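First up is the structure itself, then whatever we jot down about it.
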Amino acid sequence: MASVAANHEEHPVGLKRWLFTTNHKDIGTMYLLFSLLMFFVAGSFAMLIRAELFSPGMQIMKPYFFNQLITMHGLVMIFGAIMPGFVGFANWLIPMMIGAPDMALPRLNNWSFWILPFAFTLMLSSFFMPGGAPGTGWTMYAPLSVQAPIGMDCVIFAIHMLGISSVLGAINIIVTILNMRAPGMTLMKMPMFVWTWLITAFLLVAVMPVLAGTVTMVLMDRHFGTHFFEAAGGGDPVLYQHLFWFFGHPEVYIMILPAFGIISQIIPTFSRKPLFGYESMVFATASIAFLSFIVWGHHMFTVGMPAPAEMFFMYSTMLIAVPTGVKIFNWVATMWRGSLSFETPMLFAIGFLVMFTIGGLSGLMLAVVPADFQYHNTYFVVAHFHYVLFAGAAMAMMGGCYYWLPKWTGHMYNETLGKWHFWLTTIFFNLTFFPMHFLGLAGMPRRIPDYALQFTDLNRVVSISAFGLGLSQLLWVYVVYQTVKGGKKATDRVWEGAEGLEWTLSSPPPYHSFATAPTVK
Amino acid sequence: MSLSFKNNKPSGPLILAVTRFATAAALLLSAGSASADIRWNFQTPVTPMAHQIYHLQDLMFGVCVAIFVIVFGVMFYSIFAHRKSKGHKPATFHQSTTIEVIWTVIPFLILVAVAVPATATLLKMENTSDSAMTVRITGYQWKWQYDYPAQGISFFSDLSTPVAQIENQEPKNKHYLLQVDHPLVLPVGEKIRFQITAADVIHSWWVPSFGVKTDAIPGFINQTWTEIQVPGTYRGQCTELCGMGHAFMPIVVKAVSQKEFQKWVTAQKARMSAAHSAATPAM
Chain A
1 MASVAANHEE HPVGLKRWLF TTNHKDIGTM YLLFSLLMFF VAGSFAMLIR AELFSPGMQI
61 MKPYFFNQLI TMHGLVMIFG AIMPGFVGFA NWLIPMMIGA PDMALPRLNN WSFWILPFAF
121 TLMLSSFFMP GGAPGTGWTM YAPLSVQAPI GMDCVIFAIH MLGISSVLGA INIIVTILNM
181 RAPGMTLMKM PMFVWTWLIT AFLLVAVMPV LAGTVTMVLM DRHFGTHFFE AAGGGDPVLY
241 QHLFWFFGHP EVYIMILPAF GIISQIIPTF SRKPLFGYES MVFATASIAF LSFIVWGHHM
301 FTVGMPAPAE MFFMYSTMLI AVPTGVKIFN WVATMWRGSL SFETPMLFAI GFLVMFTIGG
361 LSGLMLAVVP ADFQYHNTYF VVAHFHYVLF AGAAMAMMGG CYYWLPKWTG HMYNETLGKW
421 HFWLTTIFFN LTFFPMHFLG LAGMPRRIPD YALQFTDLNR VVSISAFGLG LSQLLWVYVV
481 YQTVKGGKKA TDRVWEGAEG LEWTLSSPPP YHSFATAPTV K
Chain B
1001 MSLSFKNNKP SGPLILAVTR FATAAALLLS AGSASADIRW NFQTPVTPMA HQIYHLQDLM
1061 FGVCVAIFVI VFGVMFYSIF AHRKSKGHKP ATFHQSTTIE VIWTVIPFLI LVAVAVPATA
1121 TLLKMENTSD SAMTVRITGY QWKWQYDYPA QGISFFSDLS TPVAQIENQE PKNKHYLLQV
1181 DHPLVLPVGE KIRFQITAAD VIHSWWVPSF GVKTDAIPGF INQTWTEIQV PGTYRGQCTE
1241 LCGMGHAFMP IVVKAVSQKE FQKWVTAQKA RMSAAHSAAT PAM
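As they're listed, the protein sequences go chains A and B.
Mapping of the first sequence onto the working numbering: position 131 corresponds to residue 131, and the numbering continues sequentially without gaps.
Mapping of the second sequence onto the working numbering: position 159 corresponds to residue 1159, and the numbering continues sequentially without gaps.
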């Protein structure tokens, strides 16, 4: 026992370290790098999509390949880039934030991660199957997904694996937060990031099995002669959509609540002032999570639901604006009369605030059923969800990366390049996605490989900006690489205004975060 | 009053496009204003419902812009006034129940205020009773079929844009991808009920100028309605991903006067019975 205690820092090196590790930081690092890789894979699909849409007429691909690309862009971004990215943050930060040595279930943690590379190999291999990857969009609506070629089966099994990975990861996070907090850290003293992840983990446990069941029903319709989604056999194609969006809407919050958590850590630090309305932030997060279960119908207002159902989903969707508004107001109030400074993480947080709100407000417009009939399945929707998922989820992760990178690596990143990365991303992001609102209003449907001539000009602007947005992300990789390799030594606290247990550890922190639990006053 | 497709140049210089966008960006707050080439808002509404939707979106857009300006006015004031580089010392407040209640209640009241007109419009949209005629619409991979049960007319409506234009071997014409061989012909000034379904996968029938978008679902019949006020040709597209031909099954509606519609019906019936009697001996 004594020798084990003395060798806290000892671990295998090379491949074995990464393959067999049960360490939350190693696993967190792998999650983050994997997420970054998938960000570029799915991003390159987006570049191909924008190249095709640069001009009317078919340019570089066939329509069916275009449909494969939009499907895989969505699936890989959501399940490969955003979700694992946030799990990476959770792995790195939750033990350090609650004063624990590691996650509660370290071997499970290793398995949760190592499922991912295999799942995505299977999913991406569908490109090479006869008939290619499914061309159904990431929503995989039946009966289109029932008639799709064998690549669909690869995606279905990959989703099963991803579901297992997510649920195990979520259970690990719940168990860690509920059992491993340092003495004195009551639930209402936890950092907001920990709170948002606790709630997100419950969402994951609740809805990933629903998705697994839904795609299994598609699998059975495809191969075992069932007719869950086929009207001719007594089934219902709309049932697929109800099931999918019962998963799909909480999924939206799975991808945004941890972003709220990151922003809630960054803004107080650079405002040098505590988070305004901590308790109402916790309650707002919980009510958003609850409401996310009863709004799914707003994704399918045009399927012919009866008026009372449309009214219910319209009102419940509008209601989500209230707790979301509370969060925005609280962040602004945190900045109010603070002592603000604008290092890269703060720039990303402010960018998040402004652009996520644009996405939130267009979401409010989409909630209004009669207007949604016009917006539905147009580029207006594409603009809306990229404002919440790119400017929201992805840019929150970029901000979080700059914020904690000095803590993780022990080195300061290059502030000038970081700021360049922020401004390039923000400018190109808006030039890419803001014009899409107008394309949608003017009548351009989403998911089309070719379009009428009046949409040409704006599509050109969008495509050129999208290439700029994609290229700007290489700068991010360079900054991260540079910081990992070396740079100015980071202090333990890193930021003047930083509060929380993770900043009491050395930079970089010891292999096992807190060998003895700290006491929280 | 047909839709304006002013830009029919397939390839404008890039720089021009970027400059246009920069000019346009300055006009963002006046979303209704149309520039020379790019449409910034909905297509011109020609039905009572499309008009109401247009107004509803104006209302929502106004509310959203107002909220945005107020919230970020406060934030940007803070960014300029409360910065460390100016030596601003941080305050320590971090809680106020009063203000939390205020900014929970006010958004709630705003939402109630917009939910009222939204609900009224929705209920009108859903009311398909008292229609003068019915058209059945069926989505196929990848074309539309139109049936007029009372008139005994039925035909398919296919994309008429030549493949050579799609494959960039010929210059693209004005209504590229938005033209069909047999448009749906409808009379103006009458409440028309649509019964919409599909034969294979889910499609969605959308004509922006009518404010009508309804999914065509195999095995189910959805109902919606319209009442066109202005004669003209209106164009729309399938809006539910339905496979590789999804972008190539447009909708074209020719709205004509009652008299012209009757003439068209007579002509169609004659054509169909001629085709029928010609086909019968062969069977």
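Even glycine gets a Cβ: it sits at the ideal position worked out from N, Cα and C.
As the structure is a computational prediction, the values presented were derived from the model and not from experiment.
Q. Over what stretch of residues does the alpha helix (DSSP H) that includes Leu122/A continue unbroken?
A. Run containing Leu122/A: 106 to 125, per the alpha helix (DSSP H) assignment.
Q) Under the criterion of a Cβ to heavy atom distance below 6 Å, does Ala1164/B qualify as lining the ligand NAP? A) Among the components of this structure there are no ligands whatsoever, and the ligand NAP is therefore not found.
Q. Three-state secondary structure (DSSP) at Gln1195/B?
A. DSSP places Gln1195/B in strand when its eight states are reduced to three.
Q) Taking three-plus beta-carbon pairs below 8 Å as touching, is the stretch 1188 to 1195 of chain B in contact with the stretch 1133 to 1140 of chain B? A) With the cut-off at 8 Å, the stretch 1188 to 1195 of chain B and the stretch 1133 to 1140 of chain B touch.
Q. Just checking my contact of Gly151/A with Ser126/A at CB under 8 Å: how many whole Å lie between their CB atoms?
A. Correct: roughly 3 Å between the Cβ atoms.
Q.
My parser needs the alpha helix (DSSP H) runs of 4 or more residues fully inside the stretch 117 to 195 of chain A; what are they?
A. Segments of the alpha helix (DSSP H) lying fully in the stretch 117 to 195 of chain A: 144 to 147, 151 to 179.
Q. Per DSSP, which one or two residues make a beta bridge with Thr1134/B?
A. Secondary-structure assignment with DSSP links Thr1134/B through a beta bridge to Arg1193/B.
(Q) Once DSSP output is grouped into helix, strand and coil, what is the label at Phe1155/B? (A) In the three-state scheme derived from DSSP, where H, G and I count as helix and E and B as strand, Phe1155/B is classed as strand.
Q: Return yes when the Cβ of Pro63/A is within less than 7 Å of the Cβ of His512/A, no when it is not.
A: No, these two residues do not count as a Cβ contact at 7 Å.
Q) Taking just the CA atoms, how far does Ile1067/B sit from Leu501/A? A) If you take the alpha carbons of Leu501/A and Ile1067/B, they lie about 37 Å apart.
Q.
For a cutoff of 7 Å on Cβ pairs, would you count Ala1034/B as touching chain A?
A. Residue confidence is low: Ala1034/B scores 38 on pLDDT, short of 50, so the model does not pin down where it sits. Its coordinate-derived value is still stated next. Judged by the 7 Å Cβ criterion, Ala1034/B is not in contact with chain A.
Q. So which residues of chain B does Pro56/A contact, with C-beta pairs closer than 8 Å?
A. Residues of chain B passing the Cβ test: Pro1010, Lys1172, Tyr1176, Leu1177.
Q) Which residues in chain B sit within 9 Å of Val218/A, going by Cβ to Cβ distance? A) Correct list: empty, because the minimum Cβ distance to chain B is about 13 Å.
Q: Verify the CB distance criterion: does His1182/B have a CB-CB separation below 7 Å to chain A?
A: So, not an interface residue.
**Q.** Interface residues of the stretch 1213 to 1245 of chain B facing chain A [CB-CB below 9 Å]
**A.** For the stretch 1213 to 1245 of chain B, residues whose beta-carbon sits nearer than 9 Å to a beta-carbon of chain A comprise Lys1213, Thr1214, Asp1215, Ile1217, Pro1218, Gly1219, Phe1220, Ile1221, Asn1222, Gln1223, Thr1224, Arg1235, Gly1236, Gln1237, Cys1238, Thr1239, Glu1240, Leu1241, Cys1242, Gly1243, Met1244, Gly1245.
Q.
Beta-carbon within less than 8 Å of Pro406/A's beta-carbon, same chain only, minus the 5 sequence neighbours each way: which residues are those?
A. Excluding positions up to five away in sequence, the list reads Met412, Tyr413, Thr483, Ala490, Val494, Ser507.
Q) Is it a yes or a no for the stretch 139 to 151 of chain A touching the stretch 1226 to 1243 of chain B, going by three-plus beta-carbon pairs under 8 Å? A) In this structure the stretch 139 to 151 of chain A touches the stretch 1226 to 1243 of chain B; the number of beta carbon pairs closer than 8 Å is three or more.
Q. Under a CB-based cut-off of 7 Å, is Thr1121/B close to chain A?
A. Output row for Thr1121/B: interface = yes.
Q.
Measuring only the C-alpha atoms, how far is Arg272/A from Tyr402/A?
A. Taking the straight line joining both Cα atoms gives about 18 Å.
Q. Hey, is Asn110/A's beta-carbon within less than 7 Å of any beta-carbon in chain B?
A. Put simply, the CB of Asn110/A is far from chain B, with every gap to its CB atoms at 7 Å or more.
Q.
Let's test the definition: count the other Cβ atoms within 10 Å of the Cβ of Pro117/A and tell me whether it reaches 16, buried, or not, exposed.
A. With fewer than 16 Cβ atoms within 10 Å of its Cβ, Pro117/A is classed as exposed.
(Q) Just verifying my parser: in three-state terms, what is the DSSP assignment at Gln1095/B? (A) In the three-state DSSP reduction, Gln1095/B falls in the coil class, being neither helix nor strand.
(Q) Counting beta carbon pairs with one atom in the stretch 353 to 364 of chain A and one in the stretch 1144 to 1160 of chain B, are three or more of them shorter than 8 Å? (A) No contact exists between the stretch 1144 to 1160 of chain B and the stretch 353 to 364 of chain A.
Q.
Are the CB atoms of Gly338/A and Pro1090/B within a distance shorter than 7 Å?
A. Yes. Within cutoff.
Q) Based on the DSSP secondary-structure assignment, which residues constitute the bridge partners of Thr1233/B? A) For Thr1233/B, which the question treats as bridged, DSSP gives the partners Lys1254/B.
Q. Is there a Cβ from chain A that is less than 7 Å from the Cβ of Lys1143/B?
A. No, no contact with chain A.
(Q) Please report the straight-line C-alpha distance between Gly131/A and Pro149/A, rounded to a whole angstrom. (A) Note on geometry: alpha-carbon atoms of Gly131/A and Pro149/A lie some 6 Å from one another.
Q: Consult DSSP for Arg493/A and reduce its assignment to one of helix, strand or coil.
A: DSSP, reduced to helix, strand and coil, places Arg493/A outside both helices and strands of the structure shown, so it counts as coil.
Q. Which chain A residues are close to Pro1107/B, counting only those with a beta carbon under 7 Å from its beta carbon?
A. Near Pro1107/B (Cβ distances below 7 Å), the residues of chain A are Ala321, Val322, Gly325.
Q: Using alpha carbons as the reference points, say which of Trp420/A, Ala206/A, Ala442/A lies closest to Leu471/A.
A: Sorting Trp420/A, Ala206/A, Ala442/A by C-alpha distance to the C-alpha of Leu471/A places Trp420/A at the top.
Q | Val1180/B in three-state terms, based on DSSP | A | If DSSP states are grouped into helix, strand and coil, Val1180/B belongs with the strands.
Q) Would the beta-carbon of Ala367/A fall within 7 Å of that of Met318/A? A) Going by C-beta atoms, Ala367/A is nearer than 7 Å to Met318/A.
Q) Got a sec? Which residues, its chain only, sit under 8 Å from Leu1059/B by beta carbon, not counting five neighbours each side? A) Within the same chain, Leu1059/B has close Cβ partners Val1114, Pro1117.
(Q) Strictly by DSSP, which residues pair up with Tyr1146/B? (A) Beta bridge pairing from DSSP links Tyr1146/B with Ile1137/B, Phe1155/B.
Q: Return the residue from the list Gly418/A, His376/A, Val322/A that minimises the CA-CA distance to Ile1102/B.
A: Of the candidates Gly418/A, His376/A, Val322/A, the one whose C-alpha sits nearest the C-alpha of Ile1102/B is Val322/A.
Q: Compare the C-beta of Val1185/B with all C-beta atoms of chain A and state if any pair is closer than 7 Å.
A: It does not: the Cβ of Val1185/B has no partner Cβ on chain A nearer than 7 Å.
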